[in-house]
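Chains as they are written, first to last, in the numbering used here: chain P, 462 to 683; chain R, 71 to 126; chain Y, 122 to 370; chain H, 1125 to 1335. Ideal placement from N, C-alpha and C gives every residue a C-beta, glycine not left out. The structure presented is a predicted model; accordingly, all values stated were derived computationally and were not measured. Okay, so here's the structure we're looking at.
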Amino acid sequence: MFEAFLIIVRRDITLAMRRRSDLFTTLFFFVIVVSLFPLGIGPEMNTLRLIAPGVVWVAALLASMLALERLFAADFEDGTLEQMLLVPQPLSLLVLGKVTAHWLVTGLPLAIVAPLLGLQYDLSPEALGVLVVSLLLGTPALSLIGAIGAALTLGLRGGGVLVSLLVLPLCIPVLIFGAGAVEANVSGLGEQGHLSMLGALLVLSLLFSPLAASAALRISAE
Amino acid sequence: MSLSEFLYMGGYGLYVWGSFGVTALFMIMEPILVHRRRRAVLQRVSRIVRMKEVER
Amino acid sequence: MNSRLINWFKFSSPATYYPLAGRLVPLFSVIALVLIGVGLYMSFFIAPTDYKQGEGYRIIFVHVPAAWMSMFIYVVMAVWSGLGLVFNTRLSAMMAKALAPTGAMFAFLALWTGAFWGKPMWGAWWVWDARLTSELILLFLYIGFIALQGAIDDPRRADRAGAILALVGVVNIPIIYFSVKWWNTLHQGASVSITKGSSMGQVMLWTMLIMTLGFWAYSIAVSLARVRSIILERERDTTWVSELPEVRG
Amino acid sequence: MLEIVDLECVRGDRRLFSGLAFSLESGELLHLHGHNGSGKTTLMRAICGLIRPTAGEVQWNGTDIRRLGEEFNRELAYVGHRNGIKDDLTGVENLRISCVLDGIAVSEAKAWDALEQMGLKGCEDLPVRVLSQGQKRRVSLARLLLHASPLWILDEPFTALDKAAVGFLQTVIRSHVERAGMVILTTHQEVSLTRGQVKQLQLGWKGDGDV
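Now the structure itself:
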């Protein structure tokens, strides 16, 4: 069973590596959005330091929405999804595998480049660390929640916009605690509480969203 | 209490009537829309049913 | 036990539900009219002027019932959705679909009246208060549900996809509410509850309750009327629909 | 044994079939006939459990497949219109992934073997993208050579195949049925069997539900 999970992860990573341009789209989107804010707001460092956690987190949220649409679409089009529904493995496990691979190629890079972007906003090294940790805990939750939306909108016209409409409201808690953790660190309140809440959200979404997403996939693949 | 006094609502007239008015507007419009939709659906369905009977 | 189960399933067939709903719509419309009439009378003539907020506080007599109904309807929608997924009954999904627009309307009204209450009390049309923010997110959830159902052509897929979304949403609502509340207290934002400022007298409580019951009856009447249209549309190929007097006439 | 009980399927607004009933025993091949849009593909997908029928059920050895869930998938191999292979992966990679997912241990050598038998010698480790339609179809069908599942459901398996490949696939299907397997297929090709029984099912024009 675990083997099936691993092979899905490996398969999707291999596929992503063979289509590297898709991989960078999300990352560049993230970088560009974050870099645009100072241009819109002005280079006042005190203001920027204040809005940095929110800006980085909202950009991460939008970037992960951007990548969601393709999560199941390619497999749906070439029929491999159909085959996945017909194998003697729990579908939620395969979904979890797909989400894991998706996070590794889209979510993880965001967490890795985030400190560089944080420097643009003059965040302290400590705050940068918290930013990375919060993204490491939060982006997998975003991918998991997003998988439900991606599965529900599979094959629909205008699915890309629709998926954001469905998923963004559900991601608000992750955004609040993710950005909140960094903010709490900046203001000296301590980020522990926020990070534990993020962890709890991650665990909850790990438990429930593969089930919901696989139920949605069965409906959408009919 | 005179009518103008009642409408004035101790200075809160705009806000009170803005709330109650819009709520009333929505709650009157919705049943009307539902009724219209029912008429349209009935018309469409009965046309389909009649068409089928002619075919038979 | 078994016979009761069968009875329920018979009850849930569109052919029996359609005429039943037809009889219930006028009944609940009358109840709604009476209760809302009484509620309005009480909110303007019985409830005394608040010593702190003056006449402006009367807005809560629509705001609070609308907010309550918007939350309540979402839960009912999720319950219908869950029933539909478990028992595979078509009717449950149709009920969920019929409830959504009314729920969205109440969510919008709660926001609208909240803004009209906020302007004189806080001096701003919109304040990032925990309740208002959650209500806004609830409105987004409703819009997502309606948009998803609208985007899917196949009615059976639309029903089941909507059902999953409603269930995911209802699990999320408490999480969203608490996270927004946490966020709100942390930022020392406007944590003002509309009812807190005024001493909630017995009369006010009763007025609010009666208005809520009126809204409740209204929601039932409207959603039943709407579900009748949905049933007609979905079942137009069946013989029972073609034999209905309103279809023949 | 596969049993179809009182099955009804609706797609969109159209009722494709209703009250459909038949059964299939080991060593039998069911040939589905019907004009375009008569519901052949829908029926096959319903038997796989991909589509939830509006009424009736599909039973495997007397149990509803909905209740069996993933267990039923172990008994099943499905080849649909779409090949179900990844264009960016090679034939061998595709085959091995699908075998792991199906829970069959297949060595690299065996996978190469299967592809060679399908007439893909020399293309095994090319990305499927560069192959022709017929060759892609062969990659997809190679699964059948490694599969131990008794029930094969093949939706137009011969499309895009050349004469030699059609002949080979026919022998593969024949030997599967003769080894007490079951096959349901739609095709315009005849599959002649030396042993076992061929059933015919007409969807659409003629009265539904008779075998």
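Around the C-beta of residue i, are 16 or more other C-beta atoms found within 10 angstroms, so that it is buried, or is it exposed?
i               : result
residue 96(Y)   : Outside the shown range of chain Y (122 to 370) lies residue 96(Y), about which nothing can therefore be said.
residue 353(Y)  : buried
residue 184(Y)  : buried
residue 1159(H) : exposed
residue 243(Y)  : exposed
residue 333(Y)  : buried
residue 1306(H) : buried
residue 606(P)  : buried
residue 218(Y)  : buried
residue 140(Y)  : exposed
residue 276(Y)  : buried
residue 1226(H) : buried
residue 124(R)  : exposed
residue 1259(H) : buried
residue 539(P)  : buried
State the start and end residues of the unbroken beta strand (DSSP E) segment that holds residue i.
i               : result
residue 1133(H) : 1126-1135
residue 1308(H) : 1306-1310
residue 1143(H) : 1138-1148
residue 1277(H) : 1275-1279
residue 1156(H) : 1152-1157
Can you check which of these residues, the options, is closest to residue i by C-alpha distance?
i               : options                               : result
residue 435(Y)  : 272(Y), 352(Y) and 251(Y)             : Because chain Y spans 122 through 370 in this model, residue 435(Y) falls outside it and cannot be assessed.
residue 601(P)  : 559(P), 620(P) and 641(P)             : 559(P)
residue 264(Y)  : 181(Y), 225(Y), 157(Y) and 151(Y)     : 225(Y)
residue 1135(H) : 360(Y), 355(Y), 223(Y) and 369(Y)     : 355(Y)
residue 328(Y)  : 163(Y), 151(Y), 146(Y) and 221(Y)     : 163(Y)
residue 587(P)  : 631(P), 644(P) and 567(P)             : 644(P)
residue 1140(H) : 1164(H), 1302(H), 1272(H) and 1311(H) : 1164(H)
residue 1296(H) : 1284(H), 1312(H) and 1272(H)          : 1272(H)
residue 145(Y)  : 279(Y), 358(Y) and 349(Y)             : 349(Y)
residue 548(P)  : 1211(H), 1132(H), 1216(H) and 1192(H) : 1192(H)
residue 194(Y)  : 294(Y), 301(Y), 173(Y) and 182(Y)     : 294(Y)
residue 1241(H) : 1223(H), 1268(H) and 1204(H)          : 1268(H)
residue 485(P)  : 497(P), 563(P) and 505(P)             : 563(P)
Within the continuous alpha helix (DSSP H) that includes residue i, where are the two ends?
i               : result
residue 563(P)  : 552-563
residue 196(Y)  : 181-208
residue 218(Y)  : 211-243
residue 653(P)  : 653-681
residue 1322(H) : That residue, residue 1322(H), is in no alpha helix (DSSP H); its beta strand (DSSP E) goes 1321-1326.
residue 507(P)  : 506-529
residue 133(Y)  : It is not in any alpha helix (DSSP H) - residue 133(Y) carries neither H nor E in the DSSP assignment.
residue 1294(H) : 1287-1302
residue 355(Y)  : 323-355
residue 599(P)  : 586-613
residue 1195(H) : 1194-1197
residue 249(Y)  : Premise fails: residue 249(Y) is in no alpha helix (DSSP H) and is neither H nor E.
residue 305(Y)  : 276-307
residue 1234(H) : 1232-1241
residue 78(R)   : 73-78
residue 621(P)  : 620-647
residue 567(P)  : Looking at the DSSP string, residue 567(P) is not in any alpha helix (DSSP H), and its letter there is neither H nor E.
residue 478(P)  : 463-479
In terms of DSSP beta bridges, what is residue i paired with?
i               : result
residue 1182(H) : 1128(H)
residue 1202(H) : 1277(H)
residue 1251(H) : 1214(H)
residue 175(Y)  : 171(Y)
residue 1188(H) : 1183(H)
For the ligand GDP, is there any heavy atom lying closer than 7 Å to the beta carbon of residue i?
i               : result
residue 1220(H) : The ligand GDP is not part of this structure, which contains no ligands at all.
Against chain H: residues of the stretch 657-683 of chain P by CB proximity under 9 Å: 679, 680, 682 and 683
Contacting positions in the stretch 1133-1164 of chain H - beta carbon closer than 7 Å to chain Y: 1136
Residues of the stretch 621-635 of chain P with Cβ closer than 8 Å to any Cβ of chain Y, in chain order: 623, 626, 627, 629, 630, 631, 633 and 634
Within 8 Å of chain H by C-beta, residues of the stretch 479-509 of chain P in sequence order: 479 and 480
Residues, ordered as in the chain, of the stretch 1197-1208 of chain H that lie near chain P by beta-carbon distance below 7 Å: 1197, 1198, 1200, 1202, 1204, 1206, 1207 and 1208
Chain Y contacts from the stretch 97-109 of chain R (Cβ-Cβ distance under 8 Å): 97, 100, 101, 104, 105, 107 and 108
Contact set between the stretch 182-207 of chain Y and chain R, restricted to residues whose Cβ is under 9 Å from the partner: 182, 183, 184 and 187
Cβ-based contacts, 8 Å cut-off: residues of the stretch 249-271 of chain Y near chain P: 258, 261, 262, 264, 265, 268 and 269
Residues within the stretch 108-126 of chain R neighbouring chain Y, beta-carbon criterion of under 7 Å: 108, 111, 112, 115, 116, 118 and 119
Near-chain Y residues of the stretch 71-82 of chain R - C-beta to any C-beta below 8 Å: 76, 79, 80, 81 and 82
Contact residues within the stretch 275-288 of chain Y, judged by C-beta distance below 7 Å to chain P: 278, 281, 282, 285 and 286
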